[in-house]
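Following: one structure in structure tokens, then a few remarks.
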Amino acid sequence: MILGCVTIGQAPRVDVVPDIEPLLPGIRIVERGALDELTPAEIAELTPAEGRAALVSRLRDGSSAVLDEERMLPLVQRAVDAVVADGAGAVLVLCTGHLPELRSPVPVYTAERLARGAAATLVGEDRLGVLVPTLRQVDDIAARWRHDLGRRVSIGAVDPYTADDAELASAARGLAAEGVDWIFLDCIGYSERMASIVQDASGARALTARGLAARMAAAAVATA
86 MILGCVTIGQ APRVDVVPDI EPLLPGIRIV ERGALDELTP AEIAELTPAE
136 GRAALVSRLR DGSSAVLDEE RMLPLVQRAV DAVVADGAGA VLVLCTGHLP
186 ELRSPVPVYT AERLARGAAA TLVGEDRLGV LVPTLRQVDD IAARWRHDLG
236 RRVSIGAVDP YTADDAELAS AARGLAAEGV DWIFLDCIGY SERMASIVQD
286 ASGARALTAR GLAARMAAAA VATA
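Just so you know, this note's numbering puts 237 at position 152 of the sequence shown, and the rest follows in order with no gaps.
This is the structure in structure tokens:
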């Protein structure tokens with residue numbers, strides 16, 4: 086089985102794929118990025134205006150970009166088409182943002198649906214804290230989780246692409262002060278190592294979007 090992994094940034098995701106490959110035994114990964122063919126100037130034009138839903142992703146040089154969620158849809162679709170052309174029998178979109186209506190002749194799984202759905206099930210009635218990359222995402226993500234869970238969640242912001250361990254720990258302690266039982270790291274950029282830092286600093290159980298999405302995708306592919 087070939088799984089096409091689509092990032093909203095640029096491939097290869099050397100920060101993500103080595104982390105999830107052990108969770109996908111017997112599966113070969115091919116990668117494409119929505120921004121692979123774009124110049125720095127073209128990427129800069131995708132910066133969202135104030136009040137627009139924002140996504141954050143990694144570029145090939147290790148830097149990050151803030152992107153307008155809605156304007157990313159056709160670019161993500163192009164990357165989905167590319168991995169299918171490369172022979173993918175299923176596609177995993179490595180983003181927890183809302184990217185509806187992706188078309189493909191093979192199954193398309195999004196980290197938003199897989200990881201957030203799994204996290205909501207695990208959390209149950211416990212108190213949830215969520216970490217996102219940037220403050221401009223807080224209101225939007227809080228509203229989405231309130232819709233999913235039917236109650237308020239606590240939100241903190243720390244950039245997985247630029248923050249050091251101390252900043253991660255500080256953000257985790259901020260959520261712990263609000264009494265959360267679980268912390269969901271709501272961006273593919275957060276690694277399992279970062280989750281360990283968050284868990285140690287907060288005392289809450291920490292979940293990564295990348296880990297949950299990969300495990301759920303492996304189960305879905307196995308039963309397809």
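Think of the CB as a built atom: it goes at the ideal place given N, C-alpha and C, for glycine as much as any other residue.
Query	Result
Coarse secondary structure for Glu135, derived from DSSP in three states	coil
Neighbourhood of Arg198 by C-beta distance below 8 Å, restricted to the same chain and skipping five residues each side	none
Beta-carbon proximity list for Ser189, same chain, < 8 Å, skipping 5 on both sides	Val165, Asp166, Val169 and Val176
CB-CB length for Gly241 against Gly264, believed under 8 Å	At roughly 13 Å, the Cβ-Cβ gap does not stay under 8 Å, so Gly241 and Gly264 are not in contact.
Span of the beta strand (DSSP E), counted from its first residue to its last, around Ser149	Ser149 to Asp153
Residue burial classification, Arg143 (beta-carbon count within 10 angstroms, cutoff 16)	buried
The region 244-254 / the region 277-292 touching (three or more Cβ pairs under 8 Å)	yes
Sheet register partners of Trp310 (DSSP bridge)	Since the first residue of the chain shown is 86 and the last is 309, residue 310 is not available in this structure.
Other residues of its chain near Gln290: CB distance less than 8 Å, five sequence neighbours each side excluded	First, the residue type needs correcting, since residue 290 is Arg and not Gln in the sequence shown. Closer than 8 Å at Cβ, skipping near neighbours: Asp266, Trp267, Ile268 and Gln284.
contact_flag[the region 150-164, the region 231-241] where n(CB pairs < 8 Å) is 3 or more	no
Candidates Cys180, Arg212, Pro107 and Leu216, of which the one nearest Ala200 by Cα	Cys180
Buried or exposed (CB count within 10 angstroms, at least 16 for buried), Pro245	buried
Inter-stretch contact (C-beta, 8 Å, three-pair minimum) for the region 215-224 and the region 110-123	no
Three or more C-beta pairs below 8 Å linking the region 95-109 and the region 287-306	yes
Nearest to Arg229 (by Cα), restricted to the options Ala205, Met86 and Asp249	Ala205
Endpoints, beta strand (DSSP E) assigned at Gly89	Ile87 to Thr92
Check whether Leu108 and Arg300 have beta carbons under 8 Å apart	yes
Burial state of Met157, where buried means 16 or more other Cβ atoms lie within 10 Å	buried
Glu154 versus Asp121: straight-line alpha-carbon distance, rounded	17 Å
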